[in-house]
């Protein structure tokens, strides 16, 4: 029975499979067997593969291949979509296939990989340029909307800020008055206790001031407002701070590493080199 390979657009016998798909799969999945077979052939010998293993390999390749009418991933173009971007995507898919199948064992292999990295670099720049081009008008529109509403909301935000500041000032003042009244009463009670201890009686009554409870929450017809606890922290003595709470300044340390490499010594810090692969495309 004849079938058509969607990937290579060639007809083939169903039992044989697409010759190009089979060659690609064998080249990618079983390079060791191919090398062994070539080596044995040069010695006048033949590599024998069991029928069971061969059938298993064929089934695996058949499952991976596209000629069994499996759905192929594709990006449908929407009206007005940039055809060039779609071409970039298809090229990127091919580069991904090459990357997954790639084996680098020689300098020639490394050169081919460098070629692909250069192509990938140019493709990334082209796709990024297209992305920015597509987003540019929308970003300008978003910025215009944001700026407009920032302006329109200025009065209401300022009204909220001013009113909250005045309300907080009032509530804090009420709390200050309450503490002051309690302190006056505490001192008067201490004086009375001292007089009782000294004379055995009080010369006059202890006149305690009325302590007015500071409002915790202000209720109104439209709602309520009040102070809510919001605990914060301030380091007052860095030398007393436990080590587990000391966070290193990684921005500064990385800056030192870039500038001085490992020449500058800092106690408790190891500067080390971890190269990354840089790619420069020839124009």
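Residue numbers (this note's numbering): 47 to 329. The beta-carbon is built from N, C-alpha and C at its ideal position, and this holds for glycine as well. Values in this document were obtained by computation on a predicted structure and should not be read as measured data.
So, helix, strand or coil for residue i, using DSSP?
i           : result
residue 56  : strand
residue 221 : helix
residue 257 : coil
residue 94  : Note on residue 94: pLDDT 44, under 50, position unreliable in the model; no value is reported.
residue 199 : coil
residue 82  : Bear in mind that a pLDDT of 45 at residue 82, under 50, signals an unreliable position, so the number given afterwards is only what the model happens to contain. In this structure, residue 82 counts as helix in the three-state DSSP scheme.
residue 182 : helix
residue 270 : strand
residue 323 : coil
residue 293 : coil
residue 243 : helix
residue 114 : Caution is warranted here: a pLDDT of 36 is assigned to residue 114, below 50, making its placement in the model unreliable, and no coordinate value can be reported.
residue 194 : helix
residue 288 : coil
residue 278 : coil
Taking the alpha carbon of residue i as the reference point, which residue from the options has its own alpha carbon closest?
i           : options            : result
residue 139 : 157, 169, 149, 164 : 169
residue 254 : 237, 244, 261      : 237
residue 385 : 315, 262, 291      : No answer is possible for residue 385: the residues shown for the chain start at 47 and end at 329.
residue 355 : 180, 318, 218, 143 : Nothing can be reported for residue 355: it is not among the residues displayed for the chain, which extend from 47 to 329.
residue 272 : 209, 193, 177      : 209
residue 231 : 247, 309, 213, 251 : 251
residue 153 : 161, 262, 321      : 161
residue 304 : 317, 181, 177      : 317
residue 311 : 299, 211, 233      : 299
residue 294 : 313, 277, 282      : 313
residue 319 : 173, 308, 327      : 308
residue 274 : 56, 214, 246       : 214
residue 142 : 151, 269, 165      : 165
residue 324 : 198, 240, 167      : 167
Return the first residue and the last residue of the beta strand (DSSP E) that residue i is part of.
i           : result
residue 264 : 263-265
How would you write the range of the alpha helix (DSSP H) that residue i sits in, first residue to last?
i           : result
residue 301 : 296-306
residue 250 : No alpha helix (DSSP H) holds residue 250; DSSP gives it neither H nor E.
residue 313 : Neither: residue 313 is in no alpha helix (DSSP H) and is coded neither H nor E.
residue 284 : Taken as a continuous stretch (DSSP letters only), residue 284 belongs to no alpha helix (DSSP H), as it is neither H nor E.
residue 140 : 129-147
For residue i, count neighbouring C-beta atoms within 10 Å of its own C-beta (all shown protein chains included) and say buried if the count is 16 or more, exposed if not.
i           : result
residue 88  : Because the pLDDT of residue 88 is 48, which lies under 50, any placement of that residue in the model is unreliable, and the question is left without a value.
residue 328 : exposed
>> Within 8 angstroms, do at least three Cβ pairs link the segment 251-267 to the segment 220-233?
In response: yes
> Does the pairing of the segment 128-146 with the segment 166-186 give three or more beta-carbon distances under 8 angstroms?
Replying inline: yes
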